[in-house]
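Going from the sequence shown to my numbering is simple: count from 1 and add 1.
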Amino acid sequence: MGETKFLAIVGCGARGLHALERFFITLSDRVSSQLVGNYKVIVFETRENLGTGLAWDPDQTSVNWSNISDRALEPFEGRPAFNLKDVHFPSFPSYLEWLEEVMGVTINEEKDTFSKRKVTGAYLVQRVLSIVEPLQSLGLLEVKRERVIKLTHQENVFTLDTEQGDGYDFKKVLLALGHLKTTISKENQRFIEHAKKDALHFSNDPYSHEAAAIYASSKKILIKGLGLAMIDVVRMITENDNAGFEKNDHNIFLNYTGNKNVQIVPYSLDGLAMVPKPVGKHIDDNFDPIKAGKAEMLDQLKTDIKNGEVQDVDDILYPIAGVVMNVYNRFDQPYGSSSLSDAEGKDLIVTWLKDQTTKNEHIIDTNMFIVDYMKLTCQMSHGNTPFSLDYTIGQVWRELQIDMYYLYTYQLLPPALVARFIEINEMAKRYSFGPPVESILQLIALHDASVLNLDFVNQPEIELVDDGFKILKNDKEIVCDALIDSVLDKPNLSNITDPLIESLVSKSMTQQFEENLGIAVSHSANHLLGSVTIEGLHHVGRNTKGSEHGVDALLECFDTQKMQVVIDEILLNS
């Protein structure tokens with residue numbers, strides 16, 4: 002086993018990187034140079050690139066875009082300078098500073114820019130190497146390219162076992178894991194078995210090498226899902242067909258200029274399309290909630306929670322609805338022809354948040370053909386047509402989202418209520434996590450060019466036939482030789498099959514926050530058993546969904562205030 006090291010960081014994506022930074026920055030402030038050697042760290046990461054995880058891998062294709070604008074990443078701060086063992090670690094620039102200095106990108110208020118995900122990944126790699134390499138030279142950090150498959154705890158020592166058969170002992174452990182393997186659904190198991198036939202293909206990992214081979218060879222491809230991953234898949238497929246787009250001189254729409262050798266057929270269980278973000282700040286400012294009572298609403302909501310007056314999700318949604326109505330009432334041109342009183346509007350907003358197929362003249366009709374729906378939302382994103390109430394809800398929700406993560410604070414609200422709010426937040430992501438408008442315009446152009454078939458998007462039938470996967474809807478049918486499941490599994494502890502997590506479950510070292518959610522952790526990210534914390538075992542990232550440490554977004558990975566609480570606890574009494 003060797004010597005017992007102080008800390009293991011298992012997983013070095015964006016969150017693992019930030020944990021590493023905060024640990025050594027804090028160490029530099031609190032521990033003398035003579036004692037720093039007692040705080041050695043081992044990072045376990047199997048991916049080639051540290052600091053990026055899957056989402057921001059710099060080796061991925063250049064056609065994958067971020068869905069958060071560069072402008073919205075202004076809070077993504079750099080790393081401050083610090084000194085450790087007489088070695089100076091210089092500061093590292095913020096993301097926007099780096100974009101301007103290295104990539105020559107500046108913020109344009111007329112049209113938002115969205116980085117390629119590999120570009121953001123390049124920033125993260127440079128940032129992580131600028132701290133990892135000098136720490137390795139000082140003998141304070143080791144990086145192990147090994148997968149941890151088991152964790153045990155005995156006499157205040159955590160032992161991590163890896164696939165290679167090695168074991169390592171630690172005083173403290175921080176798990177910062179990303180996407181983990183989950184139970185394969187019965188439907189996907191059927192698809193896997195069917196695809197074993199000659200010349201048929203199926204993948205439930207749209208970013209895998211297996212899927213890339215399908216994109217390059219198949220000419221008729223089904224895609225399950227209408228979310229951001231579906232857009233990535235469409236781009237990766239058409240990249241092999243020399244995809245290109247040109248602007249139309251007369252309107253906002255695009256013309257497809259690539260080859261037309263492939264047919265892509267997406268489908269989903271609800272047929273609801275992603276909704277694009279406003280094209281730029283000048284449009285986005287219409288949805289600014291600050292002058293619509295955001296601060297007052299948040300203060301009152303916190304007071305109500307403190308006084309025990311928030312018992313139902315409606316007690317959260319109605320205050321938000323009040324801010325939305327204040328924004329909606331500012332518009333000169335309403336989307337609906339009839340007036341909407343404040344009380345009626347709030348009721349409608351809360352109803353819609355729970356059911357996005359709600360019908361009202363102030364809300365875009367979800368029964369509209371999906372291409373017409375997408376065209377209308379693209380016009381709204383440019384400010385060319387009145388903003389509907391649902392579009393307004395989605396954009397205001399996006400502006401409030403970071404503030405509402407407060408609701409996940411440890412022991413603030415009952416887990417069932419948090420779970421219900423998360424469920425509604427997931428539905429709202431169709432708007433709040435919407436793609437750049439350019440992405441939707443490209444889908445429309447691909448449809449107009451008969452490359453993207455959108456006739457089957459809502460609850461089609463799927464039949465397994467000898468020559469492929471047959472999709473049927475409204476007397477139309479197509480047989481495809483390949484099917485891609487682009488619906489990424491949500492972090493549900495009950496479905497995770499990763500051996501490390503399974504070892505924690507088997508040893509009663511973890512529990513689920515609530516049904517269909519992740520691992521329960523405390524304010525300082527300690528694993529919980531009931532109200533009892535497991536001292537020394539910490540967990541941050543998407544697999545703790547339901548907690549303040551489980552929000553799966555880039556800015557949240559670099560939330561210094563939240564991470565500092567974790568690091569302070571790790572260093573407590575050490």
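No residue lacks a Cβ here, since even glycine has one placed at the ideal position from N, Cα and C.
A quick note: this is a predicted structure, and the numbers were derived from the prediction, not measured.
* Name the one or two DSSP bridge partners that A9 has. => I43 and V174
* **Segment limits, alpha helix (DSSP H) that includes K491** => Looking at the DSSP string, K491 is not in any alpha helix (DSSP H), and its letter there is neither H nor E.
* Asked: Residue range of the beta strand (DSSP E) that E247 falls in?
  -> Counting along the chain, the beta strand (DSSP E) containing E247 begins and ends at F246 to K248.
* Cβ neighbour criterion (16 or more within 10 Å) applied to S495 -> exposed
* Asked: Grouping DSSP H, G and I as helix and E and B as strand, with all else coil, what is D313?
  -> coil
* **For F470: DSSP bridge partner residues** => L465 and C481
* To do: Kindly identify the DSSP beta-bridge partner or partners of N256.
  => E247
* **4 or more residues per run - each alpha helix (DSSP H) lying fully within the segment 65–153** => Here the runs fully enclosed are 96–99 and 118–138.
* DSSP three-state assignment for P387, whether helix, strand or coil -> coil
* Based on the DSSP secondary-structure assignment, which residues constitute the bridge partners of Q35? -> Note: Q35 sits in no beta bridge, so no partner.
* Assess, as a yes-or-no matter, whether the segment 233–246 is touched by the segment 258–275 under the definition of 3 or more beta carbon pairs within less than 8 Å. => yes
* To do: Kindly identify the DSSP beta-bridge partner or partners of F203.
  => L484
* Asked: Comparing alpha-carbon positions, which option in M369, N527 and Q396 lies nearest M381?
  -> Among M369, N527 and Q396, the Cα nearest to that of M381 belongs to Q396.
* Would you call the segment 342–361 and the segment 315–329 in contact, with 3 or more CB pairs under 8 Å? -> yes
* Enumerate in chain order the residues of its own chain whose CB-to-CB distance from K474 is below 6 Å, with the five nearest sequence positions on each side excluded. => F457 and P461
* Asked: On the three-state DSSP scale, how would you describe D449?
  -> helix
* Look at the alpha carbon of L318 and the alpha carbon of L302, and state the distance between them as a whole number of angstroms. => 10 Å
* To do: Drop a sphere of 10 angstroms on the beta-carbon of P279, count the other beta-carbons inside from all chains shown, and report buried for 16 or more, exposed for fewer.
  => So P279 ends up on the buried side.
* Asked: To the nearest angstrom, how far is it from the Cα of M275 to the Cα of F192?
  -> 26 Å
* **Start-to-end residues for the beta strand (DSSP E) that takes in T53** => It is not in any beta strand (DSSP E) - T53 carries neither H nor E in the DSSP assignment.
* To do: Compute the distance between the beta-carbons of G469 and D486, then report whether it is under 8 Å.
  => No; because the gap between Cβ atoms is not below 8 Å, this pair is not in contact.
* To do: Just grab the DSSP bridge partners of H540 for me.
  => L176
* To do: Less than 8 Å between the CB atoms is what I'm expecting for S389 and I364, so what's the real figure, rounded?
  => About 6 Å separates the two Cβ atoms, so the contact holds.
* Can you tell which of Q412, L354 and F115 has the C-alpha that lies nearest to the C-alpha of N68? -> F115
* For A177 versus R16, is the C-beta distance shorter than 8 Å? -> yes
* Within the same chain, show all residues whose beta-carbon is closer than 6 Å to that of I497, passing over the 5 residues directly before and after it, in chain order. => L181 and T183
* To do: In the DSSP assignment, find the unbroken alpha helix (DSSP H) run with H210 in it and report its ends.
  => H210 to S218
* Same chain, Cβ closer than 6 Å to E78, five either side skipped, listed in chain order -> So the list reads S95, once near-sequence residues are dropped.
* Asked: Taking 7 Å as the cut-off, is the CB of E297 close to at least one heavy atom of the ligand COA?
  -> Although the ligand COA was asked about, the structure shown includes no ligands whatsoever.
* **Beta carbon of I253 nearer than 8 Å to that of L444** => Contact flag unset, no.
* To do: Using DSSP bridges, identify the partner residues of Y169.
  => L161
* Unbroken beta strand (DSSP E) run spanning H195, endpoints -> Where H195 is concerned, there is no enclosing beta strand (DSSP E), although the alpha helix (DSSP H) it sits in stretches over K187 to A196.
* To do: Could you have a look at P290 and say whether DSSP puts it in helix, strand or coil?
  => In the structure shown, P290 sits in coil (DSSP, three-state: anything other than H, G, I, E or B).
* To do: Work out the CA separation of L141 and I215 for me, nearest whole Å.
  => 44 Å
* Asked: Is it buried or exposed for N361, if we count other Cβ within 10 angstroms and need 16 for buried?
  -> buried
* What residue range is occupied by the uninterrupted alpha helix (DSSP H) comprising P416? -> P416 to S433
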